[in-house]
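Trainee: Count along the sequence shown from 1, add 137, and you get the number used in our numbering.
Even for Gly, the Cβ is constructed at its ideal location relative to N, Cα and C.
Mind having a look at this structure? Questions to follow.
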Amino acid sequence: MVAGKRYFNGGNSGGDEEAERTGRIIKEYMAISGALVVSDMTPVPKWIDGRHALKRAQEELDLVVGKERWVEDTDIKNLVYLQAIVKETLRLYPPGPLAAPHEAMEDSNVCGYNVQKGTRLFVNVWKLHRDPNFWPDPEVLLPERFLTSQTGIDASGLHFEFIPFGSGRRACPGINFAFQVIHLTLVSKGLNWQGH
């Protein structure tokens, strides 16, 4: 359930007007938004706009796997440049530009801002991933950054400058599956895209 008991009156029929209206809006949104497909969550080849990255990934694929066989999931750990491309793409284009809302449990101060209890907070993942204080040339596709200066950074949610799947106990539980699907999808296409 998307909104929980508060918006659906615990599943009982009848209830306040706001709960019914919210339920109607959610149902309409779900109807017009269509089905979710894997390609909505995977990097689109046109995002890999650096021809150097594409060429280097193709060379790595040919060197590690060769052209005579299909890529297997056990090959992915050896395709380090491909992994760097995926990380860099998720840095530039996170699956959700804003993290799921959180509610302040008590009055607090966050980076000099007073936040009252009950305030809903959204983390701007898009901005975090493009912070020039941490990411040199933040608007440029540079997969190499994950092989040099940011080698220890992964998407597990422990490094708050890179949280494409959230962090903490509310992080996306499908992170490992997502990476497996993304990597295998990219290599199964053989990286044979034309640049845009």
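By a C-beta neighbour count over all protein chains shown, 10 Å radius and 16 as the cutoff for buried, is E155 buried or exposed?
Mentor: For the purposes of this step, residue 155 is taken as the residue at position 18 of the sequence shown. Exposed, by the Cβ-count rule.
Trainee: In whole angstroms, what is the alpha-carbon distance linking W184 and Q287?
Mentor: By 1-based counting over the sequence shown, the position of residue 184 is 47. By 1-based counting over the sequence shown, the position of residue 287 is 150. In this predicted model, W184 has a pLDDT of only 49, less than 50, meaning its place in the structure is not dependable; the value taken from the coordinates is given anyway. Each residue's alpha carbon lies about 21 Å from the other.
Trainee: My assumption, with CB atoms under 8 Å, is that A190 sits in contact with F283. Please give the rounded CB distance.
Mentor: Looking up residue 190 in the sequence shown gives position 53. Looking up residue 283 in the sequence shown gives position 146. No, A190 and F283 are not in contact; Cβ-Cβ is about 11 Å, not under 8 Å.
Trainee: So, under 8 Å CB-CB, F302 and G289 are touching, yes? Tell me the CB distance rounded to an integer number of Å.
Mentor: Counted from its first residue, the sequence shown places residue 302 at position 165. Counted from its first residue, the sequence shown places residue 289 at position 152. That belief does not hold up - the Cβ atoms of F302 and G289 are roughly 17 Å apart, past 8 Å.
Trainee: Leaving out the 5 sequence neighbours to the left and right, which residues in its chain are closer than 6 Å to C309 when beta-carbon positions are compared?
Mentor: Against the sequence shown, residue 309 aligns to sequence position 172. Excluding sequence neighbours, C309 sits near F302 and G303.
Trainee: Roughly how many whole angstroms lie between the Cα atoms of S325 and K254?
Mentor: Numbered from 1 along the sequence shown, position 188 holds the residue referred to as residue 325. Numbered from 1 along the sequence shown, position 117 holds the residue referred to as residue 254. Answer to the nearest angstrom: the Cα atoms are 49 Å apart.
Trainee: Please go through the same chain and pick out, in chain order, the residues whose beta-carbon is closer than 8 Å to the beta-carbon of D212, but skip the five residues on each side of it.
Mentor: As a first step, residue 212 must be located in the sequence shown, where it is residue number 75. The answer, listed in chain order, is V201, V202 and V324.
Trainee: Who pairs with N251 in a beta bridge, going by DSSP?
Mentor: Here residue 251 is taken as the residue at index 114 of the sequence shown, counted from 1. Answer is N246, bridged to N251.
Trainee: On the three-pair Cβ rule with 8 Å, is the stretch 240-253 touching the stretch 263-278?
Mentor: With the cut-off at 8 Å, the stretch 240-253 and the stretch 263-278 do not touch.
Trainee: Among all the DSSP beta bridges, which residues are the ones paired with N261?
Mentor: Along the sequence shown, one-based indexing puts residue 261 at 124. In DSSP, N261 forms a bridge with L235.
Trainee: Look up E165 in the DSSP assignment and say whether it is helix, strand or coil.
Mentor: Against the sequence shown, residue 165 aligns to sequence position 28. Three-state DSSP puts E165 in a helix.
Trainee: In angstroms, rounded to a whole number, what distance separates the CA positions of D274 and Q195?
Mentor: One-based indexing of the sequence shown puts residue 274 at position 137. One-based indexing of the sequence shown puts residue 195 at position 58. Approximately 24 Å, taken between the alpha carbons.
Trainee: When you compare only the Cα positions, how much space is there between E209 and K224?
Mentor: Position 72 of the sequence shown holds residue 209. Position 87 of the sequence shown holds residue 224. Rounded to the nearest angstrom, the two C-alpha atoms are 20 Å apart.
Trainee: When you compare only the Cα positions, how much space is there between E276 and D153?
Mentor: Walking along the sequence shown from the start, residue 276 turns up at place 139. Walking along the sequence shown from the start, residue 153 turns up at place 16. One C-alpha to the other measures close to 47 Å.
Trainee: So if DSSP puts E240 in a beta bridge, which residue, or which two residues, is it bridged to?
Mentor: Position 103 of the sequence shown holds residue 240. Answer by DSSP bridge pairing, in chain order: R257.
Trainee: Thinking C-alpha only, which one of R228, P238 and P232 is nearest R307?
Mentor: Taking the first residue of the sequence shown as 1, we reach residue 307 at position 170. Nearest C-alpha to R307: P238.
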